[in-house]
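Residue numbers (the numbering used here), protein chains in the order written: chain B, 1 to 344; chain F, 1001 to 1344. For reference, the structure discussed in these notes is given below.
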């Protein structure tokens, strides 16, 4: 074991708020020595970081569901790490944990922040990166958005955009397990084939290949009862033309709009909500924190039984963080995007 | 009593579907003899017709919550009339009724259609036009939209646009009676003064006089818990920036968009639903038909006790229907717009 005092922590800090897509100029690469944890504190070595569309929002100034990342601060990120020093009896050296590690190689969590950080030990036998995907925040978002806001009934038609992404793969697989007809929307044949052939979706519409409206008409002959929206923009508008009476639209994100330099495009077809007595409702995963363990237990069961899959797209190296993040916005990632920062 | 056979029925028929605001060219004025009602049927003399923003939607082709008015058909309208001949024991000559009378002087309702038409006798002591306003469809829309979709709690801040209109005056007054803080949005000082001074709203923002956003900030210091939207467009977007966590937005109409010749403007700030875990939900009044009697009984009680008011703007003459309808879209009407077709 290396002496902690000799370790250097490489970090990625927010240098400037971006306009449109973030570039290298928005980031600063810094180093600082790694400190020993104080009384009750824990030191974690980062193994994998979760890269999420929501990060783009955290880079903006102004009120949102959590405060923005301050200029000069280490970029916020959740991740999987290994405990390398601990003065907390709940965590032992060698434990794998899921925690808010931020974009850096080592994360020191003082005693006062351990509870607030939501750090918890994970079962590595289910795969480390799985805990950033269907068993992590995206999985929780998909699970509670679908179940609590969407309220699926067997036989409902559920459409999910970003179908091969982290949230989308959870939503679609859970909806299938609940007896729904599931239609994905994704970019490219490979992703569409994967969600149909590997995850068991009933169909998947390739938005890059053709008309989403025509695809919805073909694959949702009875209309759309639940739409789980990760993208916004024209796809949201297309789905609004096909919803059923009393439909539920879960607003989880709007990746098509996050890097806009022009105003967000609102859903022009929103009056379909009126005609169809339908509702559109936002979800923020943190509201369900007290029920994460229940959702994790349910989904871990599915994973063990082979009823559910979790696919991650693993990029390498902290120094590649800026470019890797962009893969989310050009649709290059295939599965939950994760950055491996270190080998164990 | 005039012999029925000698009566002539003047009617207003849809001649062509409008683009933008309807003009005289969209209407045909026709006459036909009045027929005696057959077995079980009822003949009604139209006294007052209800003029509503929703009529603009009925003039368009295509699927909505009810079928469009066909080209050549008498324009659809609800109204108050007096029974002048009846072969239905439930209705006597001289009874005042609320029914789908359409834009014509006489309406013959055959036996087979009486039940489906929802025709019912009204208590004229509460005022005839009141039954097209707070005790009519707009009142039912306001009542159930607010109570069922909005779910107000005492202390909530409720904002309603079209505040001096038929739906708006009901929503605001009911919300006050339920213990809410009520802020209206209306066009012009006279309407704003009226809803505050006569109806007891806490404040009213004159959208023609200034910045709606600034008004919301001033009059809704704790944010907006419920927004009852009759107008859409920029006002909906402004309110979206001020909603509270868990807010409810009732989509009742979008009068600012009904005569568009360009695409509807969707709410660019809809992602506020996500940040605030809020929902936007459409309402169509017909879904609550089995509970109209309860709402009418409650509101009739308020009217009798002087706890609620009902203001109508009464125009005269079937021949003025085309121009009178336009008052809804330029905001000229002050109170529920009604067309008096005949004296009793």
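Each residue gets a CB set at the ideal place from its N, CA and C atoms; glycine is no exception. Quick caveat: nothing in here was measured; it's all calculated off a predicted structure.
*Report the neighbours of residue 1064(F) on chain B: residues whose CB is nearer than 8 Å to its CB, in chain order.*
Counting from 1 along the second chain, the entry for residue 1064(F) is found at position 64. Under the 8 Å cutoff, chain B gives 275.
*Can you tell me the Cα-Cα spacing of residue 1336(F) and residue 1166(F), whole angstroms?*
One-based indexing of the second chain puts residue 1336(F) at position 336. One-based indexing of the second chain puts residue 1166(F) at position 166. About 4 Å.
*Between residue 1203(F) and residue 1185(F), what straight-line distance do the alpha-carbon atoms span, to the nearest angstrom?*
Residue 1203(F) sits at position 203 when you count from the first residue of the second chain. Residue 1185(F) sits at position 185 when you count from the first residue of the second chain. Those two C-alpha atoms are separated by around 9 Å.
*Which of helix, strand or coil does DSSP assign to residue 1280(F)?*
The residue given as residue 1280(F) occupies position 280 in the second chain. Residue state, collapsed to three classes: strand.
*Under a Cβ-count criterion, where at least 16 other Cβ atoms within 10 Å of its own Cβ denotes burial, should residue 1053(F) be classed as buried or exposed?*
Position 53 of the second chain, counted from the start, is the residue given in the question as residue 1053(F). Buried: at least 16 other Cβ atoms inside 10 Å.
*Are the stretch 117 to 124 of chain B and the stretch 66 to 74 of chain B touching by the rule of at least three beta carbon pairs closer than 8 Å?*
no
_Taking CB distances under 8 Å as the criterion, tell me whether residue 1034(F) reaches chain B._
Locating residue 1034(F) in the second chain gives position 34, counting from the first residue. Answer no: the Cβ-Cβ gap between residue 1034(F) and chain B never drops below 8 Å.
*When the Cα atoms are used, what is the spatial distance from residue 316(B) to residue 102(B)?*
The residue given as residue 316(B) occupies position 316 in the first chain. The residue given as residue 102(B) occupies position 102 in the first chain. C-alpha separation (whole angstroms): 16 Å.
*Nearest chain F C-beta to residue 80(B) closer than 8 Å, yes or no?*
Walking along the first chain from the start, residue 80(B) turns up at place 80. Residue 80(B) does not count as touching chain F.
*asked:* Give me the residue from 232(B), 308(B), 244(B) and 156(B) with the minimum Cα distance to residue 199(B).
replied: Indexing the first chain from 1 puts residue 199(B) at position 199. Nearest option by C-alpha distance: 308(B).
*asked:* Less than 7 Å between C-beta atoms, sequence neighbours within five positions excluded: which residues of the same chain meet that for residue 1285(F)?
replied: For the purposes of this step, residue 1285(F) is identified with residue 285 of the second chain, where counting begins at 1. The answer, listed in chain order, is 1137, 1140, 1141 and 1144.
*Got a sec? Which residues, its chain only, sit under 6 Å from residue 1008(F) by beta carbon, not counting five neighbours each side?*
Looking up residue 1008(F) in the second chain gives position 8. Excluding sequence neighbours, residue 1008(F) sits near 1031.
_Please return the same chain residues whose Cβ sits closer than 6 Å to the Cβ of residue 10(B), not counting the five positions on each side in sequence._
Within the first chain, numbered from 1, the residue matching residue 10(B) stands at position 10. Excluding positions up to five away in sequence, the list reads 31, 105 and 318.
*May I ask you to verify whether the stretch 1229 to 1243 of chain F touches the stretch 1261 to 1269 of chain F, counting CB pairs closer than 8 Å and requiring at least 3?*
yes
*asked:* If contact is defined by three or more beta carbon pairs under 8 Å, each pair taking one atom from either stretch, is the stretch 1013 to 1026 of chain F in contact with the stretch 1047 to 1063 of chain F?
replied: yes
*Going along chain F in order, which residues have a C-beta closer than 8 Å to the C-beta of residue 267(B)?*
On the first chain, residue 267(B) is found 267 positions in, with the first residue counted as 1. Result: 1266, 1267 and 1270.
_Using CA atoms only, rank isn't needed, just tell me which of 1332(F), 1341(F), 1171(F) and 1303(F) is closest to residue 1181(F)._
Reading the second chain from its first residue, position 181 is the one you call residue 1181(F). The candidate whose alpha carbon is nearest that of residue 1181(F) is 1171(F).
*What whole-angstrom Cβ distance do residue 80(B) and residue 128(B) have, given they're in contact under 8 Å?*
In the first chain, counting from the first residue as 1, residue 80(B) sits at position 80. In the first chain, counting from the first residue as 1, residue 128(B) sits at position 128. Yes, they are in contact, since the Cβ atoms of residue 80(B) and residue 128(B) sit about 5 Å apart, within 8 Å.
_Using CA atoms only, rank isn't needed, just tell me which of 1229(F), 1246(F), 1055(F) and 1161(F) is closest to residue 1014(F)._
For the purposes of this step, residue 1014(F) is identified with residue 14 of the second chain, where counting begins at 1. Selected option, being the one with the closest Cα: 1055(F).
*For residue 287(B), which residues in chain F fall below 8 Å Cβ to Cβ?*
Within the first chain, residue 287(B) is the residue found at index 287, counting from 1. The answer, in chain order, is 1277.
*Taking only beta-carbon positions, decide if residue 255(B) is within less than 8 Å of chain F.*
Sequence index remark: in the first chain, residue 255(B) carries index 255 (1-based). Taking Cβ atoms only, chain F never reaches closer than 8 Å to residue 255(B), which makes this a no.
*Counting contacts by CB-CB distance shorter than 8 Å, is residue 1223(F) in contact with chain B?*
Taking the first residue of the second chain as position 1, residue 1223(F) is located at position 223. Output row for residue 1223(F): interface = no.
*So what does residue 1033(F) bridge to, in DSSP terms?*
For this step, residue 1033(F) is matched to residue 33 along the second chain. Beta-bridge pairing links residue 1033(F) to 1008(F).
*Does the beta carbon of residue 1284(F) come closer than 8 Å to any beta carbon on chain B?*
Residue 1284(F) sits at position 284 when you count from the first residue of the second chain. By this cut-off, residue 1284(F) is an interface position.
*asked:* Taking 8 Å as the threshold (C-beta atoms), are residue 1147(F) and residue 273(B) in contact?
replied: Working through the first chain from its first residue, we reach residue 273(B) at position 273. Working through the second chain from its first residue, we reach residue 1147(F) at position 147. No. Outside cutoff.
*Would you say residue 280(B) reaches chain F, if we count a Cβ-Cβ gap shorter than 8 Å as a contact?*
Position 280 of the first chain holds residue 280(B). With 8 Å as the cut-off, residue 280(B) counts as an interface residue toward chain F.
*Under 8 Å between the Cβ atoms of residue 231(B) and residue 244(B)?*
Residue 231(B) sits at position 231 when you count from the first residue of the first chain. Residue 244(B) sits at position 244 when you count from the first residue of the first chain. Cβ atoms of residue 231(B) and residue 244(B): not closer than 8 Å.
_Against chain B, does residue 1263(F) count as a neighbour if the rule is that its beta carbon must be under 8 Å from one of theirs?_
Numbered from its first residue, the second chain carries residue 1263(F) at position 263. So yes, residue 1263(F) belongs to the interface.
*Relative to the C-alpha of residue 1108(F), which residue among 1088(F), 1173(F) and 1197(F) is closest?*
Here residue 1108(F) refers to the residue found at position 108 of the second chain. Out of 1088(F), 1173(F) and 1197(F), 1088(F) has the C-alpha closest to the C-alpha of residue 1108(F).
*Hey, would you say residue 1187(F) sits closer than 8 Å to residue 1211(F), going by beta carbons?*
As a position in the second chain, residue 1187(F) is number 187, starting the count at 1. As a position in the second chain, residue 1211(F) is number 211, starting the count at 1. No, Cβ-Cβ distance for residue 1187(F) and residue 1211(F) is not below 8 Å.
*Leaving out the 5 sequence neighbours to the left and right, which residues in its chain are closer than 8 Å to residue 1085(F) when beta-carbon positions are compared?*
Working through the second chain from its first residue, we reach residue 1085(F) at position 85. 1004, 1036, 1037, 1042, 1043 and 1093.
*Member of 1159(F), 1192(F) and 1066(F) whose CA lies at the smallest distance from the CA of residue 1176(F)*: Taking the second chain and counting its residues from 1, one reaches residue 1176(F) at position 176. Residue 1159(F) is the option with its Cα nearest to residue 1176(F).
*Kindly indicate if chain F contains any beta-carbon less than 8 Å away from that of residue 352(B).*
This structure does not reach residue 352(B), given that chain B is present from 1 up to 344, and the question cannot be answered.
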